[in-house]
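In the numbering used here, the protein residues as written are 10 to 576.
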C-alpha cells in the first residue's frame, strides 16, 4: 500500500494519500491530507504514443526491460517493420513476444505493407490480412496510413482498410508529412485521427485546428519537439509525446520522461505536460492502462519530485517492474524468425558508368535529425568512365540491395554523411528493410554489405583499411550473437528478422554506443545518429529524394528519377 503525494490528472489536484491494490487493480484511494513537501509523488505511468519497437533493435521483452526504468508503462506500437519482412506472421510474433513480459504493448494492424509499389518487401499485408489483424483482441488500431496519396485519390484498397477499422471501431493512425489545407482536411475526413509527421509549427497548427491529434516526436532520427511543443499550450487535449524510432543507447538513457522535463523547462504547465505524456494516449486509443482511479489497473510510477521526474519505482498491474533505477523484467531469449535470401556481392556490382553528355547527378542531401532530404544537382567525379564517390566534397555512394531475392543493386549518391573512409551497411532500411549502405569506395561498401548478408542481418562498419588476416577469420564466423570488433570493422548482429536482437538490452545499448562511436571517431561521420539516418534513406513516403532497391525515387512526384542529368 504505497503512501505518497498522489497526482490526479482529472481534477488537477495533488493530495497526500494511500493506494490499496488488490489483484492487480486499485481497490481504494485514501485521502490523508494536503500535499506534503519532500515526499515522493505517485502518478500514472508514461505512454509512448507511437513507436516502432523494432527500431530499438530489441525484441519486445528487451525493449520493455529498458523502458520501464524511465517510467514508461505502455506503448502504442506499429509493427510494420517486421510486417514488411514476415507479413502477418511477423506481427503475430511481436504480439506473442510482448505478452511474455508485464508491459502494456498496444500493437496496430499495419496499413501499408509494402509501404509503396516502388520497392520490394518481404511480404504483403493486404485487405484480408488487415481484417484478420483488426479482428484480434490484441490489436488496438489501424497503424499509420502512410499512403496519403491513396487516401486523397480514393484508392480502393486504402479505402477498404479504412472501412475495416471503422467497422471494428478502432482508431486510425495517420502519416501525412507536409499535408495542409484542403488536402489535410480530406485526409482527416477519411477518419484518420493522428499525425506524428509534422515538421513545423505551422503544419501542426493547421492540422490541430482541424481536430487532429498531434504526436510530438523526439526520437533517434526525427526530432520535432522544439518546433511543435508550443502547440501544447493551445491544444492540451490533442497533444501526445512519442519517439517513433529510438535506438537502444538513447532508450537506455531515457524515454518519455525526458520530454516531460523538457516541456516543463520551457514553461508549460504540469497538467498540460502530464496530459500529453500519460492521459491523452490512454483515452484516445482506449488503452487498458490505469490512470490512478479506483477500479483501474494498478499502473503507476513513483517519482522523487515534479521537476526532474527521477523515477523511483514503476508498477504495472500491481507488479513492481522497476525499482531504484533497476529493471525487474527478466532477461528473456526469443525465437530467431527471419527472411534473408540474397547472395554475397562483388565490388564491381556497384559500378556506375557515366552516360555520354553527363553534366550533373541527382544527389540526396541528408539532414541531421530529420527524415526528409533535399534534392541536390551536383557535378560528379568521373574516373575511368565511372562515377565515383568524391570524398573531398562529401559526395558518397549510397547502395540498396534487395535482401529477398538476387537482383542488381540500386546505386545513387548522397551528401552530409561526411565519412572520410570506409563504409557502413544495415539490414534496417525503412520500410522494406532491404540492405542499405553508404561508403567512400566500392570495396568497403561490398565488405560491409557482405557482412550483413553472411549474418542474415545486422549493422556493419568497415573502416576501409585492408583487413588483417585475424580480422577476416573473426568476421567469417556465422554464429555470433554479440558485437564483433576488430581493428578495422565492427558488426552488431540482428538475428530476429534482420531487425532485432534478443541479447540483453543493456548490453546491446553499450554495443550500439561503441559502434556509433566507431563510425564517428574512426570514420569521420558528423551525423548525430549515422545508422538511424541511413535507415531512412530508402523510406520513399518521406520526401524529397530517396533510394529504393528499384532506383532513385522522388517523394514529391511519387515517381522514379534518373540519377544522371545529361546535356
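Here a beta-carbon is modelled for each residue, glycine too, at the ideal position from N, C-alpha and C.
Query raised in the report: On the three-state DSSP scale, how would you describe residue 562?
Result: For residue 562, the three-state secondary structure derived from DSSP is strand.
Using 10 angstroms around the beta-carbon of residue 203, count the other beta-carbons present and answer buried if the total reaches 16, otherwise exposed.
Label assigned to residue 203: buried.
message: Could you give the first and the last residue of the continuous alpha helix (DSSP H) run that contains residue 175?
response: 165–176 is the span of the alpha helix (DSSP H), which, as asked, contains residue 175.
Threshold first: 4 residues or longer. Then list the alpha helix (DSSP H) segments lying entirely within the region 413–481, N to C.
Within the region 413–481, the complete alpha helix (DSSP H) runs of at least 4 residues are 451–464.
- prompt: Under three-state DSSP, which class holds residue 154?
  reply: The answer is strand: DSSP assigns residue 154 an E or B state.
(request) In angstroms with no decimal places, state the Cα-to-Cα distance between residue 63 and residue 35. (result) Their backbone Cα atoms lie some 32 Å apart in a straight line.
Check your understanding: Apart from the five residues on each side of it in sequence, which residues of its chain come closer than 8 Å, Cβ to Cβ, to residue 366?
Key -> The answer, listed in chain order, is 575 and 576.
Do the region 79–91 and the region 533–549 make contact, defined as three or more Cβ pairs closer than 8 Å? Three or more Cβ pairs closer than 8 Å define a contact, and the region 79–91 falls short of that threshold against the region 533–549.
Subject >> residue 121, DSSP secondary structure in three states >> reply: DSSP places residue 121 in coil when its eight states are reduced to three.
Exercise. Buried or exposed: residue 74, going by 16 or more other Cβ atoms within 10 Å of its Cβ?
Worked result: It is buried - the Cβ of residue 74 has at least 16 other Cβ atoms within 10 Å.
Residue 550 burial status per 10 Å Cβ neighbour count (16 or more: buried) | With 16 or more other Cβ atoms inside 10 Å of its own Cβ, residue 550 counts as buried.
| query | Are residue 167 and residue 323 touching if we call contact CB-CB under 8 Å? | reply | Their beta carbons are not under 8 Å apart, which means residue 167 does not touch residue 323 by this criterion.
* If you check the beta carbons only, do residue 408 and residue 359 fall under 8 Å apart? -> Going by beta carbons, residue 408 and residue 359 fall inside the 8 Å limit.
*Please indicate yes or no: does the CB of residue 520 lie closer than 7 Å to some heavy atom of the ligand SAH?*
In terms of ligand content, the structure shown is empty, and the ligand SAH therefore cannot be addressed.
Q. Taking all protein chains shown into account, do 16 or more other C-beta atoms lie within 10 angstroms of the C-beta of residue 116, making it buried, or fewer, making it exposed?
A. Residue 116 should be labelled buried.
Bridge partners - residue 25, DSSP secondary structure assignment: The bridge partners DSSP lists for residue 25 are 14 and 42.
Check: Taking the Cβ atom as the reference point for each residue, do residue 15 and residue 38 lie within a distance shorter than 8 Å?
Finding: Using a Cβ distance threshold of 8 Å, residue 15 and residue 38 count as a contacting pair.
Fill in: Proximity to residue 342 [Cα-Cα], best of 106, 31 and 60
Out of 106, 31 and 60, the CA that lies nearest to the CA of residue 342 is found in 106.
Secondary structure of residue 488, DSSP reduced to three states:
Residue confidence for residue 488 is low, a pLDDT of 42 falling below 50, so the modelled location carries little weight; the figure read from the coordinates is stated next. Looking at residue 488 - three-state DSSP - the assignment turns out to be coil, as it is neither helix nor strand.
Residue 71 - containing alpha helix (DSSP H), residue span: Taken as a continuous stretch (DSSP letters only), the alpha helix (DSSP H) holding residue 71 covers 69–76.
**Item:** Length of the line joining the Cα atoms of residue 137 and residue 146
**Value:** Spanning the two alpha carbons is a distance of roughly 17 Å.
What residue range is occupied by the uninterrupted alpha helix (DSSP H) comprising residue 354? Neither: residue 354 is in no alpha helix (DSSP H) and is coded neither H nor E.
Going by C-alpha distance, which of 21, 27, 50 and 19 is nearest residue 317? Nearest of 21, 27, 50 and 19 to residue 317, Cα basis: 50.
(Q) Let's test the definition: count the other Cβ atoms within 10 Å of the Cβ of residue 7 and tell me whether it reaches 16, buried, or not, exposed. (A) In the structure as shown, the chain starts at 10 and stops at 576, and residue 7 therefore has no counterpart that could be examined.
What is the rounded straight-line gap between the Cα of residue 562 and the Cα of residue 372?
A direct Cα-Cα distance of roughly 11 Å separates residue 562 from residue 372.
*Under a three-way DSSP split, which group does residue 483 fall into?*
Residue placement at residue 483 is flagged as unreliable, the pLDDT there being 42, under the threshold of 50; a coordinate-derived value is accordingly withheld.
TODO: Give the range of the alpha helix (DSSP H) segment to which residue 91 is assigned.
DONE: That run of the alpha helix (DSSP H) goes 89–95.
#### Entry: Inter-stretch contact at 8 Å, needing at least 3 Cβ pairs: the region 384–398 / the region 415–430
Result yes; three or more Cβ-Cβ pairs closer than 8 Å.
Please go through the same chain and pick out, in chain order, the residues whose beta-carbon is closer than 6 Å to the beta-carbon of residue 537, but skip the five residues on each side of it.
Sequence-distant partners of residue 537 (beyond 5 residues in either direction) whose C-beta falls short of 6 Å from its own C-beta, in its chain, are 377.
- Helix, strand or coil at residue 358 [DSSP, three-state]: Here DSSP, grouped into helix, strand and coil, assigns residue 358 to helix.
>> Would residue 337 and residue 330 be called neighbours here (beta carbons separated by less than 8 Å)?
In response: Between residue 337 and residue 330, the CB-CB gap stays under 8 Å.
(request) Using DSSP bridges, identify the partner residues of residue 379. (result) Beta-bridge annotation (DSSP): residue 379 is not paired with any residue.
Discussion item. Can you look up residue 529 in the DSSP assignment and give me helix, strand or coil?
Written reply: Note: residue 529 maps to helix in three-state DSSP.
Taking the alpha carbon of residue 412 as the point to measure from, which residue in 258, 442 and 32 has its own alpha carbon closest?
That would be 442, whose Cα lies nearest to the Cα of residue 412.
Exercise for review: Could you check if residue 237 is buried or exposed, using at least 16 other CB atoms within 10 Å of its CB as the buried criterion?
Suggested key: By the 10 Å Cβ count, residue 237 comes out buried.
_residue 133, buried or exposed, once every other Cβ within 10 Å from all chains shown has been counted against 16_ = Residue 133 comes out exposed.
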